[in-house]
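Number 104 in the UniProt record's numbering belongs to position 104 of the sequence shown; there are no gaps in the numbering.
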Amino acid sequence: MRTSEVLASKDDAVTLDSTAERTTEANEDAGERPAGSQVVRAREIHYDYVSGGGSLPVLNGLSLDIAESEIVMLTGPSGSGKTTLLTLIGALRTIQRGSLEVLGKELACASGADRLTLRREIGFVFQTHNLLDALTASQNVSLALELKSVCRENRDKAADALTKVGLGHRLGHRPNAMSIGECQRVSIARAIVNRPRLLLADEPTAALDNKSTERMLAMFRDLVDAEGCSMIAVTHDPRTMDVADRIIAMDDGRLHPGTPL
Ligand SMILES: Nc1ncnc2c1ncn2[C@@H]1O[C@H](COP(=O)(O)OP(=O)(O)OP(=O)(O)O)[C@@H](O)[C@H]1O
Ligand SMILES: [Mg+2]
């Protein structure tokens, strides 16, 4: 099903440049910036999923720069590789070809320990919320702070983060006793509780009503402006575009030039 979505997305796409030269130009327009205080620098990334003797190319020579204190919204058809790109940037997947520097660390040659260290500086809001059912909202958020002990200090930090996302009254609730929108906000609280330098969010507002969406977007903007972190959010939600510094469209594993803001 997903493979046909990829093929369908080619048909729906804005005309794709056919030559490598043009693709590079498109990437430069869309994602690459002059060297400076970049938190992400991707060059010619390729990524294939290999299964059952077959190989599915998902990222096809993608290049991208993300600067410090920048909020970038990443859009594109289903199956175009957005989540794959986010998980590569978040060091949750191993890069196969190309160069990917995140927070100054080249991931193409990083050890497992390097990737773990890097992941501690990154907050991740997953497309599926990935909360543990056996833990309360507070414990799920505390988990991001310290895997071994849920000490008083961590509990307070978790409570702060949950209050920021409007869930101060749900600290003791387990995921199965919360709405989907509340679970989404717990996963946002978990992503921000460590004060990450880079926030990666996959459809962070998909399950939220207008009021919660506004609150989350204002919080993301504050976080970026006050703490200088950067954010890449995959989104199809038009409500999120207002807080973007840049909107980048992706298709067929590459970037299209984003709409200038
Ligand atoms: N673990 C996997 N093994 C094999 N193929 C995969 C795997 N994960 C994703 N794919 C395929 O790779 C392609 C890109 O998937 P990805 O999840 O990155 O797309 P996406 O742009 O995030 O889509 P959506 O908007 O639906 O979330 C899809 O065709 C998908 O079926
Ligand atoms: Mg996805």
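Cβ coordinates follow ideal geometry from the N, Cα and C atoms, glycine included.
| request: For K148, count neighbouring C-beta atoms within 10 Å of its own C-beta (all shown protein chains included) and say buried if the count is 16 or more, exposed if not. | output: Bear in mind that the predicted position of K148 carries a pLDDT of just 45, short of 50, making it too unreliable to give a figure here.
| message | Please report the straight-line C-alpha distance between D245 and R195, rounded to a whole angstrom. | response | 20 Å
| query | Looking at S80 and ligand 1, is the gap between the Cβ and the nearest heavy atom below 7 Å? | reply | yes
| Which full runs of the beta strand (DSSP E) of 3+ residues lie inside the region 177-238, going along the chain? | 198-202 and 230-234
| Exposed or buried, Q184, counting other C-beta atoms within 10 Å across all chains shown (16 or more means buried)? | buried
| field | Three CB pairs or more closer than 8 Å across the region 221-240 and the region 188-204 | value | yes
| Coarse secondary structure for S69, derived from DSSP in three states | coil
| Buried versus exposed, by CB contacts within 10 Å (16 or more), D202 | buried
| task | Spatial neighbours of A189 within its chain, please: CB distance less than 6 Å, with the 5 preceding and 5 following residues excluded, ordered by chain position. | result | V141, A161, L162 and V165
| Exposure label - S63; buried when at least 16 CB within 10 Å | buried
| query | Between G181 and D209, which are expected to be in contact by the criterion C-beta below 8 Å, what is the C-beta distance as a whole number of angstroms? | reply | 7 Å
| Secondary structure, alpha helix (DSSP H): runs of 4+ residues fully inside the region 132-176 | 137-143 and 152-164
| In its own chain, which residues sit with a C-beta less than 6 Å from the C-beta of A35, not counting the 5 before and 5 after it? | In this prediction, A35 has a pLDDT of 47, which is less than 50 and means its spatial position is unreliable; what the coordinates show is noted afterwards. None.
| said: Looking at the secondary structure, which residues open and close the alpha helix (DSSP H) in which R119 lies? | reply: G112 to R119
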